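Counting along the sequence shown from 1, when you hit position 127 you're at 1021 in my numbering, and nothing is skipped either side.
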Amino acid sequence: MNASERQNKRHAQIATDLRDMTLLYEVALRCVREGSEFHECLKTILDAAIALTAADKGNIQLIDPPSRALVIAVQRGFDPPFLKFFERVSDDSSACGAAMERGKHVLVEDVQQSAVFAGKPSLEVMLQAGVRAVLSVPLVSSRGTVFGMISTHYKKPHRCDERELRLVDLLAKQTAEYVARCLSEKLFLLSSLAAEKLEGLSLGRMEDFA
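1) At the level of alpha carbons, what is the spacing between Phe1041 and Glu928?
2) Of the residues Val1073, Ser1078 and Ala1012, which one's Cα is nearest the Cα of Glu934?
3) Pick out whichever of Ala1009, Gly997 and Arg1026 has its Cα sitting closest to the Cα of Val1034.
4) Under 8 Å by Cβ, that's how I've got Glu995 and Asp1004 pegged, so tell me the actual separation to the nearest angstrom.
5) Restricting to Cα atoms, I'd like to know which of Ala945, Leu936, Leu1064 and Ser1036 is closest to Val910.
6) In the DSSP assignment, the beta strand (DSSP E) including Met886 goes from what residue to what residue?
7) Specify the secondary structure class of Ser1016 as computed by DSSP and reduced to three states.
8) Distance check for Ser1045 and Ile954, CA to CA, integer angstroms please.
9) Could you check how far apart the C-beta atoms of Lys951 and Phe972 are, in whole angstroms? I think they sit under 8 Å.
10) Check whether the segment 1048 to 1057 touches the segment 1023 to 1037, taking contact to mean three or more Cβ pairs, one atom from each stretch, closer than 8 Å.
11) Threshold first: 3 residues or longer. Then list the beta strand (DSSP E) segments lying entirely within the segment 900 to 964, N to C.
12) What's the call for Ala992, buried or exposed, on a 16-neighbour Cβ count within 10 Å?
Here it is, written out as structure tokens:
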């Protein structure tokens, strides 16, 4: 590679880095915007994850608190059989379940060669869905709370490079903080409504005795 080719390669890398950081910034900006709808923001986050990892499809799962199962919240590119099978995930017979159990991202470069799927019904479901590789990244907040999973899927065997993994890990952290904030706001709203209802009941009783 001559000097001109090296310079062109550096310029291309700088342009790619700028594009990806701009994408992360735009996702963060949308999620903090007042009035942003929760599921629409999750769709934006998923589209960013698919773009950052050069994937073909993907989904975001959130934890159902009572059962601790992963439940699909938003998805791109999947048909009903896949969505039905992975409707609720509570074991490690898939990449998302394995990532949940290990507490870190799991990359399956080829589902047909992976111990995660070997001999399990999930393998046939993945192949029927046209998936040969998958990356699952836990949504872990700064307090260590796991809120769910981002998974991106590939039509062919795929190996993410370190840069892609860093970017999607950063996106997952952003997403976890966003989900935590939304839950906190929802709990605050519910507690405020409960307090108002209790206050109304108290005033009503006082009027009964007036």
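All C-beta atoms in this analysis are idealised placements derived from N, C-alpha and C, irrespective of residue type, glycine included. What you are looking at is a predicted structure, and each value in this text was computed from that prediction instead of being measured.
Short version:
1) On the sequence shown, residue 1041 is found 147 positions in, with the first residue counted as 1. On the sequence shown, residue 928 is found 34 positions in, with the first residue counted as 1. In this model, Phe1041 and Glu928 are separated by some 22 Å (Cα to Cα).
2) Numbered from its first residue, the sequence shown carries residue 934 at position 40. The residue with the shortest Cα to Cα distance from Glu934 is Val1073.
3) To locate residue 1034, count along the sequence shown from 1; it is residue 140. Among Ala1009, Gly997 and Arg1026, the Cα nearest to that of Val1034 is on Gly997.
4) The residue labelled residue 995 in the question sits at position 101 within the sequence shown. The residue labelled residue 1004 in the question sits at position 110 within the sequence shown. Beta-carbon to beta-carbon, Glu995 and Asp1004 are separated by about 21 Å, too far to satisfy the 8 Å threshold.
5) Start at 1 with the first residue of the sequence shown, and residue 910 comes out as number 16. Rather than Val, the amino acid found at residue 910 in this sequence is Thr. Nearest of Ala945, Leu936, Leu1064 and Ser1036 to Thr910, Cα basis: Ala945.
6) Summary: the structure shown does not reach residue 886, with the chain confined to residues 895 through 1104, and so no result is reported for it.
7) As a working note, residue 1016 is residue 122 in the sequence shown. In the three-state DSSP reduction, Ser1016 falls in the helix class (H, G or I).
8) Stepping through the sequence shown from its first residue, residue 954 is reached at position 60. Stepping through the sequence shown from its first residue, residue 1045 is reached at position 151. If I take the Cα positions, the gap works out to 6 Å.
9) Indexing the sequence shown from 1 puts residue 951 at position 57. Indexing the sequence shown from 1 puts residue 972 at position 78. With a Cβ gap of about 6 Å, Lys951 and Phe972 count as contacting.
10) Output reads yes: the segment 1023 to 1037 touches the segment 1048 to 1057.
11) Fully enclosed beta strand (DSSP E) runs of 3 or longer: 951 to 958.
12) For this step, residue 992 is matched to residue 98 along the sequence shown. Around the CB of Ala992, 16 or more other CB atoms lie within 10 Å, so the residue is classed as buried.
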